Amino acid sequence: MLFKVQQKFSTITVMLVATLLLSGCMNITDQQQSGFLKDYEGFEDVYDPDYTKVYRSENFTIDMIADMQRIKLVPFEMWASSDANFTQEELAELSQYFHQQMSDRLTANNYKLVRLAGPRTITIRGAFSGVKFDDPELMPTDFIPFRMVLNAGNFAYLQITDKSDVTTKVSVEIEFLKGIRRERILAAISTKYVDNTIANSGADNITVVKALLDMWAEKFVDRMVEIRAKKHEKQ
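Just so you know, this note's numbering puts 104 at position 104 of the sequence shown, and the rest follows in order with no gaps.
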């Protein structure tokens, strides 16, 4: 019986982290460690979604997420790769943009954002790292004939409009810290790749990344609200 309870708890936790993380059209996780989280001990591989690594403290329960009311949201950092062609000003703009999106969504769903952490506060901090654009590649999960026809069909359009098919890469490292002592209760590392078409001039770079950040913020907050609602339904 104990084994079944533990197995069920582990499954619920993995589902929580999986849905808090962004899902894209083509997802691969390389689980890179940027150094942002400092401590990478205790992370375990999960295979849905895409080999994400998850850390759970021994005392973690789903109710810690469901009961969250007071949140200290630390602005997420943006760590671009050396060949990403983003300036420090653009990275600061992306960080501020994502923080505003998260703040607006949390406030709209009746979470109280605080500046100082108290005993009942959950601090959420994270970083997007390795932000870059790569040439799309055929992946093992792609239906190769379809992808080749699609690429061929796009070629003339891309030549005329001076655009390129790219794969936008963003890795995220995130952790939930409880109380004044900032005890880590939950953390995750994941990398996502999303196919886009952007201008060769680089004019679309910021817009494309902002769209990806919008998706991430929406899914993140929606899942927190869903977890909270499910608990209240049972009461």
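We treat Cβ as the ideally placed atom computed from N, Cα and C, and that holds for glycine. Remember, predicted model here, so these are calculated numbers, not experimental data.
Count the other CB atoms, across all protein chains shown, that sit within 10 Å of the CB of Lys178; report buried if there are 16 or more and exposed otherwise. By one-based count along the sequence shown, residue 178 stands at place 178. With 16 or more other Cβ atoms within 10 Å, it is buried.
Helix, strand or coil at Val74 [DSSP, three-state]: Along the sequence shown, one-based indexing puts residue 74 at 74. Note: Val74 maps to coil in three-state DSSP.
Can you tell me whether Asn27 is buried or exposed? The criterion is at least 16 other CB atoms within 10 Å of its CB, across all chains shown. Here residue 27 refers to the residue found at position 27 of the sequence shown. Caution applies to Asn27, whose pLDDT of 41 falls short of 50 and renders its modelled position unreliable; the model cannot decide the point.
State the DSSP-derived secondary structure class of Phe176, mapped to helix, strand or coil. Along the sequence shown, read from residue 1 onward, the residue named residue 176 stands at position 176. In this structure, Phe176 counts as strand in the three-state DSSP scheme.
Name the two residues that bound the continuous alpha helix (DSSP H) containing Tyr55. For the purposes of this step, residue 55 is taken as residue 55 along the sequence shown, with counting starting at 1. Where Tyr55 is concerned, there is no enclosing alpha helix (DSSP H), although the beta strand (DSSP E) it sits in stretches over 53 to 56.
Using only the alpha-carbon positions, how far apart do Ala188 and Val54 sit? The residue labelled residue 188 in the question sits at position 188 within the sequence shown. The residue labelled residue 54 in the question sits at position 54 within the sequence shown. Distance between the alpha carbons of Ala188 and Val54 is about 4 Å.
By DSSP, does Val228 sit in helix, in strand, or in coil? Start at 1 with the first residue of the sequence shown, and residue 228 comes out as number 228. It should be noted that the sequence gives Arg, not Val, for residue 228. DSSP places Arg228 in helix when its eight states are reduced to three.
Check whether Ser34 and Ala127 have beta carbons under 8 Å apart: Taking the first residue of the sequence shown as position 1, residue 34 is located at position 34. Taking the first residue of the sequence shown as position 1, residue 127 is located at position 127. A contact, by the Cβ cut-off of 8 Å.
Report the partner residues of Ile124 according to the DSSP bridge assignment. Counting from one through the sequence shown, the residue named residue 124 turns up at place 124. According to DSSP, Ile124 bridges with Leu73, Phe176.
Could you tell me the boundaries of the alpha helix (DSSP H) in which Gln33 lies? Within the sequence shown, numbered from 1, the residue matching residue 33 stands at position 33. Careful: Gln33 lies outside any alpha helix (DSSP H) and carries neither H nor E.
Apply the 10 Å Cβ neighbour rule to Ile124 and answer buried if 16 or more other Cβ atoms are within range, or exposed otherwise. The residue you call residue 124 lines up with position 124 of the sequence shown. Looking at its Cβ environment, which holds 16 or more other Cβ atoms inside 10 Å, Ile124 is buried.
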